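K.L.:
Chains as they are written, first to last, in our numbering: chain L, 1 to 110; chain Z, 1 to 111.
The structure follows.
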Amino acid sequence: SQQGEEDPQALSIQEGENATMNCSYKTSINNLQWYRQNSGRGLVHLILIRSNEREKHSGRLRVTLDTSKKSSSLLITASRAADTASYFCATDAHTDKLIFGTGTRLQVFP
Amino acid sequence: DVKVTQSSRYLVKRTGEKVFLECVQDMDHENMFWYRQDPGLGLRLIYFSYDVKMKEKGDIPEGYSVSREKKERFSLILESASTNQTSMYLCASRQGRAEAFFGQGTRLTVV
Chain L
1 SQQGEEDPQA LSIQEGENAT MNCSYKTSIN NLQWYRQNSG RGLVHLILIR SNEREKHSGR
61 LRVTLDTSKK SSSLLITASR AADTASYFCA TDAHTDKLIF GTGTRLQVFP
Chain Z
1 DVKVTQSSRY LVKRTGEKVF LECVQDMDHE NMFWYRQDPG LGLRLIYFSY DVKMKEKGDI
61 PEGYSVSREK KERFSLILES ASTNQTSMYL CASRQGRAEA FFGQGTRLTV V
């Protein structure tokens, strides 16, 4: 399987705290994306980082990419209860096939 | 507004039935995907299509087939449904390697 892995599998924090989740993947990539899934629904795209980029920001999201370690992290700053969801990383190597990781379940308590 | 529509939100089928899951996108995307989602296993790619009538196996194609006769429609077929195919099925589409857009998912139960 080409599937990557997220770490931790589950994360619980209080509102206002930062949430960090990590993604490891297996093959060299062209880009890496992060998606969010609210319970039982489809996924929504959050951010894309290219293989030649090291860091990218979008609002309260910060993504880093370390291609030498085949890993990425997603940081959500000043978390809100509405950030409660599952978060997935996804990679494409040298085809247009998109491979997802196992996901991190984030619970933000008010 | 971008849209990927899956034909059913919930589906209950009997063991041995032939099951069709339909997915339609309105964005003229080349690439379409079928994933299966199970607790703790994330999204696993079943099949991928990069053009009309073109397909590629994903990580778990066994027991499934696909059809893409028109660019906007990608069908997943369970030739003979089994209880271990009870799962959430997600369809997605994208242009090249840009962001993917997902349907709302089909929760299939095979009894």
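By construction, the Cβ of each residue, glycine as well, lies at the ideal position given by its N, Cα and C atoms.
From a predicted model like this one, the values you see are computed outputs, not experimental measurements.
How many angstroms separate the CA atom of Z:VAL52 from the CA atom of L:ALA93?
P.N.:
Going by C-alpha positions, Z:VAL52 is about 22 Å away from L:ALA93.
K.L.:
What are the residues that DSSP puts in a beta bridge with L:ALA85?
P.N.:
Answer by DSSP bridge pairing, in chain order: L:LEU106.
K.L.:
Does L:GLN111 pass the burial test, meaning 16 or more other C-beta atoms within 10 Å, or should it be called exposed?
P.N.:
Limits of chain L in this structure are 1 at one end and 110 at the other, which puts residue 111 of chain L out of reach.
K.L.:
So, do the stretch 71-81 of chain L and the stretch 4-11 of chain Z have three or more beta carbon pairs nearer to each other than 8 Å?
P.N.:
As far as the Cβ criterion goes, the stretch 71-81 of chain L does not touch the stretch 4-11 of chain Z, which means the pair count is below three.
K.L.:
Using a Cβ-Cβ cutoff of less than 8 Å, which residues in the same chain neighbour L:ARG80 once the five nearest sequence positions on both sides are dropped?
P.N.:
GLU15, VAL108
K.L.:
Just the chain Z side, please: which residues come within less than 7 Å of L:LEU48 by C-beta, in chain order?
P.N.:
GLU99
K.L.:
Taking all protein chains shown into account, decide if Z:ASN31 is buried (16 or more other Cβ within 10 angstroms of its Cβ) or exposed.
P.N.:
buried
K.L.:
Z:ASP28 and Z:LYS3: beta carbons closer than 9 Å?
P.N.:
no
K.L.:
For L:ASN38, which residues in chain Z fall below 8 Å Cβ to Cβ?
P.N.:
Per Cβ cutoff of 8 Å: no residues; L:ASN38 is ~11 Å from chain Z at best.
K.L.:
Output needed for Z:ARG44: all residues of its chain with C-beta closer than 6 Å, excluding positions within five of it in sequence on either side, in chain order.
P.N.:
Only ARG36, ASP59, ILE60 meet the Cβ criterion.
K.L.:
Can you give me the Cβ contacts of Z:ALA100 inside the same chain, cut-off strictly under 6 Å, excluding the 5 residues immediately before and after it?
P.N.:
ALA92, ARG94
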